[in-house]
Structures are given as C-alpha cells and as structure tokens.
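Numbering (our numbering), first residue to last: -8 to 429.
See the structure below:
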C-alpha cells in the first residue's frame, strides 16, 4: 500500500474511528455489560445445556439469561480469552523485571474484561459502515466520495461509538446483519444467504423484528413465492438448530419458539411506558414512571395501544413501499420509517433504539438534501437521548436540562414532526436513480 493511499481521507476516517473506540472502551461501561460477563462466565463454568433454565451465577437485573443464543455465543469467547491474556501478562511480569507492572493492574480491573465484551459491537460498527458504503456506491455510482461520507457518518458518529464502545450495548450487531442481509438479497441476489443472515440478526437481538414486514415484502417481490417459501424454511431450521445446544430437552421442536417468546421477548426492557426515550409517550413525562401494562380503559393497556398504533403504522409503510418499490430509495425510506414508528409509538422503548433509524435513513439522505438535514437533527437528538439516560461523564447542568419536563416535551415533539416530514417525503416522492450492478 502506497503512502498516499494509506493517508487517504477514507483511511484516516477508519483510523480515527479505531482510535476513538480504543480510547473509550476500557474507561467505563453500562450495567448491562455485567450481564454479558456473567453469561459468558456461566457458558464455560456451568455449561450450555439448559442454559436458559439455569439461574445466572451473578444476577444483575435479570436472574436468567434473556438474550438470544447468538448474543451469548458472541460474548462467550472473550471470557477464556481474557483469562489467557491475563495469565500471559502475569507470566511476562514475573519473568522479566523490565515488564511494566501497571499492565497487570490495568487488566485486573473489571473495566478491562468489560471492554473486551464490547469488541463484537465495535467490529459491527465497521461492518455496518462497510455494507452501507457498498450499497451507496451501487445506488449513486457517479457521486464523489460517497464511501468517505458513509464511513464518516457511521464511524465518527457519537451515537455509534458512544453506544458500542462506551455504553457497551450491542445494537450495532443486528443493524450490521440487517444491512448485510439487504445487500446480499437485493444487490448480490443471494436470497438464501440473506435469509440466514436475517435469522442470525434475530438470534442476536429481537429489535430486528421491526424491519421484517418491509424486508419480507421486498424479498417476495425480488424472488417470488417459491424461493421465499424455501428461504423461510431454511431460516426456520437455522433458528431451531441455534437453540438445540442449549435446550433442556433435545429434539423438542417447539422449544426454541416458546423460549424466544416467553424467556426473551417478554423479558426484554424495563417495563415502563417509556424508558427514557424522547418519543410520543414522553409528551406526558409522568409516563416515565407508569408500567406499560397499566390499564387505560378496561382491558386496554398502554402497551396494547402502542403495539396497535406502531403495528398499523408499519403496515401502512410496508403497503406504501409495495406500491413504490421500483424507486431505488424506497426500501431504505421504508426500513428507517419502520424503526422510527417503533421508537415513537411502542411502549418499553429504550433511548438507544433511536440508533435503529439512522443507518437506513442515511442512504436516501445522501441523495436528498432535506432528508440529510433531518438525518443530522435526528443524529443530534439520538446522542442527547443516550446521554440523558447514561450520563457519563456527568455534566450536571446538561443532565438537568435534558431531563427537564419542558425539554423532554419539546425534543419529543421535534421527533414526531421529523417522522411526519420524512413520512410525507416518502409518500410524495418516486424518483428512480439508475443503479449499477456490483
């Protein structure tokens, strides 16, 4: 590689993205990372048979594991790797007097192991940037520096590096896999690989479900009924097999599906109407302290209302996409709007799930200036919402301002207006940009 190429703007963006994440990944971590460590340790120490029915050795918020198996598989290798690295460093420290002893002290801190648990999400940031850059290059072959813009928009985006490398959340992993599935399906024409990758995303985190209506309609439109049915069969088998090493009873066909619903879906998230998210429910801030299953009228709960409103909105988006699917940007509008509707209307919504809107909205934002303005505003709000919930380092005036009822209401209202604007843009535009095959 020539010096000129090594010092290219894209190379510098990638290098800066790496340095930012390395500089913060061992500084602090969220409470959830303790669960990741506990599950990785139990995977090796107590075994993976009946893993979901075995109480965690260390309990942090949830007594039993409530992440899908692929998430556990991603965490698991880093626990023995940490022990091996520590033993190696200890050997070097005791064998060579010149070895810097502060390395041992650094690795003894829980922060080091917690930092290692962040590696899959950090790598997924780079994977997501790569896939989106490939998609953008296909859609906009004549647009200069499109890969540089996409790389900077993801790798230098505070929401992404704060969420994965500092906060320690894994939302980048299913996002990367979902983007990869779109790329494999609609640009590489590999339907079965795409179906497997989407299933892998579901096996990491359930957030992927919000994208499935649009994805499935897209898949059916591209490959027809026969291939769609075959791909779904392959996906279901893959899903079923993923749970078998952890099954309490081998060969129980319904076990993975029952466990995913009862042990994973129903136990995800804190049970408040809104979990620090600047969304529709936050227009009335006292709902931060109300349970989602609280009745509004009779048997109708906040959760029921949120599910119905979000569900109908996503179905409307999917229907509109079906009508406009010849427009190259329509798929990415529809995916981002599905995430946006879920964030605004579903209950139990975490602040960090605003990140789900950003990658797919970036693709049309590269073409339409007004959408880029919306994307920038959403980017700022997404980071502020993250910081409001996990205020590290804590700056009291900012924390108090972001939590003030008036600010919460105003920012939530801005989010709703942005959704309406992007939705109307999606409805009213239908301009096709010639695409180049990869």
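Note that the Cβ used here is the ideal one computed from N, Cα and C, for glycine as well.
Neighbourhood of residue 425 by C-beta, 6 Å cutoff - its chain only, sequence neighbours within 5 removed: Numbered from 1 along the chain shown, position 434 holds the residue referred to as residue 425. Unreliable placement is indicated for residue 425, whose pLDDT of 46 sits below 50; the coordinate value is still reported in the next sentence. Hits under 6 Å: none found.
Identify, in the order they occur along the chain, each residue of the same chain with its Cβ nearer than 6 Å to the Cβ of residue 356, setting aside the five sequence neighbours on each side. Locating residue 356 in the chain shown gives position 365, where the first residue counts as 1. If we look at residue 356 and ignore the five residues flanking it on each side, its Cβ neighbours are 362, 363 and 366.
Terminal residues of the continuous alpha helix (DSSP H) containing residue 373? The residue given as residue 373 occupies position 382 in the chain shown. Looking at the DSSP string, the run of the alpha helix (DSSP H) that includes residue 373 is 360 to 380.
Below 6 Å CB to CB, which residues in the same chain sit around residue 383 once its five sequence neighbours on both sides are set aside? Reading the chain shown from its first residue, position 392 is the one you call residue 383. The residues are 19.
Alpha-carbon spacing of residue 409 relative to residue 164, whole angstroms: As a working note, residue 409 is residue 418 in the chain shown. As a working note, residue 164 is residue 173 in the chain shown. In a straight line, the C-alpha of residue 409 is about 26 Å away from that of residue 164.
In terms of DSSP beta bridges, what is residue 420 paired with? The count along the chain shown starts at 1 and reaches residue 420 at position 429. Note: residue 420 sits in no beta bridge, so no partner.
Determine the closest residue to residue 162 out of 321, 216 and 62, with distance taken between C-alpha atoms. The count along the chain shown starts at 1 and reaches residue 162 at position 171. Per the Cα distances, 62.
Sorted by chain position, which residues of the same chain lie with C-beta nearer than 6 Å to residue 185's C-beta, five sequence neighbours on each side aside? Working through the chain shown from its first residue, we reach residue 185 at position 194. These residues qualify, in order along the chain: 172, 175 and 176.
For residue 256 and residue 229, I'd like the C-alpha separation in whole angstroms. In the chain shown, the residue the question calls residue 256 occupies position 265. In the chain shown, the residue the question calls residue 229 occupies position 238. Approximately 19 Å between the Cα atoms of the pair.
Any idea what DSSP makes of residue 45, helix, strand or coil? In the chain shown, counting from the first residue as 1, residue 45 sits at position 54. Three-state result, residue 45: coil.
Thinking C-alpha only, which one of 350, 78 and 308 is nearest residue 418? Numbered from 1 along the chain shown, position 427 holds the residue referred to as residue 418. Of the candidates 350, 78 and 308, the one whose C-alpha sits nearest the C-alpha of residue 418 is 308.
Sequence-distant residues of its chain with Cβ nearer than 6 Å to residue 2 (five each side left out): Mapped onto the chain shown, residue 2 falls at position 11. So no residue of the chain qualifies.
Using three-state DSSP, classify residue 160 as helix, strand or coil. Along the chain shown, read from residue 1 onward, the residue named residue 160 stands at position 169. Residue 160: coil per DSSP, three-state reduction.
Classify residue 75 as buried or exposed, calling it buried when 16 or more other Cβ atoms lie within 10 Å of its own Cβ. Working through the chain shown from its first residue, we reach residue 75 at position 84. Residue 75 comes out exposed.
Going by CA-CA distance only, name the one from 352, 209 and 218 that's closest to residue 368. By one-based count along the chain shown, residue 368 stands at place 377. From the listed residues 352, 209 and 218, the smallest Cα separation to residue 368 is found for 352.
Cβ-based burial, residue 360 [other Cβ within 10 Å; buried from 16]: The count along the chain shown starts at 1 and reaches residue 360 at position 369. Around the CB of residue 360, fewer than 16 other CB atoms lie within 10 Å, so the residue is classed as exposed.
Nearest to residue 158 (by Cα), restricted to the options 398, 374 and 387: Within the chain shown, numbered from 1, the residue matching residue 158 stands at position 167. Minimum Cα distance to residue 158 is reached at 374.
In the DSSP output, what is residue 436 paired with across the bridge? One cannot answer for residue 436 here, as it falls past the ends of the chain, which runs -8 to 429.
Assign residue 32 to one of two classes, buried (16 or more other C-beta atoms within 10 Å of its C-beta) or exposed (fewer than that). The residue given as residue 32 occupies position 41 in the chain shown. Looking at its Cβ environment, which holds 16 or more other Cβ atoms inside 10 Å, residue 32 is buried.
Of all the alpha helix (DSSP H) runs that stay within the bounds of the stretch 112 to 177, which reach a length of 4 or more residues? 137 to 146, 149 to 152 and 163 to 177
State the Cα-Cα distance for the pair residue 35 and residue 67, rounded to the nearest angstrom. The residue given as residue 35 occupies position 44 in the chain shown. The residue given as residue 67 occupies position 76 in the chain shown. Cα atoms of residue 35 and residue 67: separation of roughly 8 Å, rounded to the nearest angstrom.
The stretch 190 to 210 / the stretch 138 to 147 touching (three or more Cβ pairs under 8 Å): The way I'd put it, the stretch 190 to 210 doesn't touch the stretch 138 to 147; fewer than three beta-carbon pairs between them come closer than 8 Å.
Whole angstroms is fine: what's the gap from residue 121's alpha carbon to residue 190's? On the chain shown, position 130 is the one that residue 121 refers to. On the chain shown, position 199 is the one that residue 190 refers to. Distance between the alpha carbons of residue 121 and residue 190: 20 Å.
For residue 298, which residues in the same chain have their Cβ closer than 8 Å to its Cβ, ignoring the five residues on either side in sequence? Locating residue 298 in the chain shown gives position 307, counting from the first residue. 337 and 338, listed in sequence order.
With H, G and I counted as helix, E and B as strand and the rest as coil, what does DSSP make of residue 292? As a first step, residue 292 must be located in the chain shown, where it is residue number 301. Residue state, collapsed to three classes: strand.
Does the beta-carbon distance from residue 107 to residue 65 come in below 8 Å? Translated into the one-based positions of the chain shown, residue 107 becomes position 116. Translated into the one-based positions of the chain shown, residue 65 becomes position 74. No, the pair does not count as a contact, with Cβ atoms beyond the cut-off.
Is the beta carbon of residue 126 closer than 8 Å to that of residue 354? The sequence position of residue 354 within the chain shown is 363, counting from 1. The sequence position of residue 126 within the chain shown is 135, counting from 1. Yes, they are a contact pair.
Rank 110, 332, 80 and 258 by C-alpha distance to the C-alpha of residue 93 and give the top, closest one. Taking the chain shown and counting its residues from 1, the one referred to as residue 93 is at position 102. Nearest of 110, 332, 80 and 258 to residue 93, Cα basis: 80.
Can you tell which of 396, 6, 103 and 40 has the C-alpha that lies nearest to the C-alpha of residue 28? Counting from one through the chain shown, the residue named residue 28 turns up at place 37. When only C-alpha atoms are compared, the closest one is 103.
Where are the alpha helix (DSSP H) runs, 4 residues long or more, that stay fully inside the stretch 54 to 116, in chain order? 60 to 66, 69 to 86, 93 to 99 and 101 to 108
Reference residue 404, options 112, 274 and 253, closest by Cα: Indexing the chain shown from 1 puts residue 404 at position 413. Comparing Cα-Cα distances from residue 404 to each of 112, 274 and 253, the minimum goes to 274.
Three CB pairs or more closer than 8 Å across the stretch 218 to 225 and the stretch 257 to 266: As far as the Cβ criterion goes, the stretch 218 to 225 does not touch the stretch 257 to 266, which means the pair count is below three.
What are the complete alpha helix (DSSP H) segments, minimum 4 residues, inside the stretch -7 to 29? -6 to -3 and 0 to 15
Look at the alpha carbon of residue 281 and the alpha carbon of residue 302, and state the distance between them as a whole number of angstroms. Locating residue 281 in the chain shown gives position 290, where the first residue counts as 1. Locating residue 302 in the chain shown gives position 311, where the first residue counts as 1. Residue 281 and residue 302: Cα-Cα distance of roughly 22 Å.
Between the alpha carbons of residue 109 and residue 89, how many angstroms are there, rounded? Reading the chain shown from its first residue, position 118 is the one you call residue 109. Reading the chain shown from its first residue, position 98 is the one you call residue 89. Note on geometry: alpha-carbon atoms of residue 109 and residue 89 lie some 31 Å from one another.
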